[in-house]
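K.L.:
Here's a structure for you.
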Amino acid sequence: MIKLYKILTFLLQPVAYMLLMMSVSSLVMSGLNPQFLLFGAVGVCIFIYAFLCFRFTAKGIIGNQPLKAKLKDWIKVNSYVTLLQAVFMLFAVVMALYVIPKNTFDTTFKTMYEMVQQQGQQDVGSYEAFTKYMRTMFGVVGIIELVLLVHIFLTWRVLKAYREYFSE
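Taking the working numbering, I'd label the letters of the sequence shown as residues 38 to 205.
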């Protein structure tokens, strides 16, 4: 369990940093549209969760150093936000790929494809290539969310197992 936790913690780091960059740009745009503010705040929480889990892994599990109780509290609080986001995103991916009727899905992708083509900033190729790309992206997001969910539940177990490392 600890080995899997360490591996997943290290794998989440690049994803967390990419999410942080998207969240910062989202927070900058939130002045124009307040809906981006929520996305940015949740993204920052996920980054904090991943970063603090890395710190816990590096200093507590690998380094056998005592840690402050605040670290455990911060990890738990941010894990709840991350859990909600992962569940919602996984639900959206499952809905998009398996539940929504194919003709509705195709209509939405056709509209997106036409919007990208009208902007003319990049060559998106054929419609079939575009839909394949979008479905692949949904699959990648689904896998990332599953990894996040597994990591969260492992984090809760590992925090309980290593509770003696946390001091007031």
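Quick reminder that beta carbons are idealized off the backbone N, C-alpha and C, glycines included.
Alpha carbon to alpha carbon, how far is residue 105 from residue 202? Give it in angstroms, no decimals.
P.N.:
8 Å
K.L.:
Three-state secondary structure (DSSP) at residue 163?
P.N.:
Coil.
K.L.:
Helix or strand or just coil, what does DSSP make of residue 204?
P.N.:
strand
K.L.:
With distances taken Cα to Cα, identify the nearest neighbour of residue 150 among 139, 140, 162.
P.N.:
Ranked by how close their Cα comes to the Cα of residue 150, the residues 139, 140, 162 have 162 in first place.
K.L.:
Taking its Cβ as the centre, do 16 or more other Cβ atoms sit within 10 Å of residue 83, making it buried, or is it exposed?
P.N.:
buried
K.L.:
Less than 8 Å between the C-beta atoms of residue 87 and residue 50, yes or no?
P.N.:
It is a contact, given that the beta carbons lie within the stated cut-off.
K.L.:
Within 8 Å, do at least three Cβ pairs link the region 164-172 to the region 135-150?
P.N.:
yes
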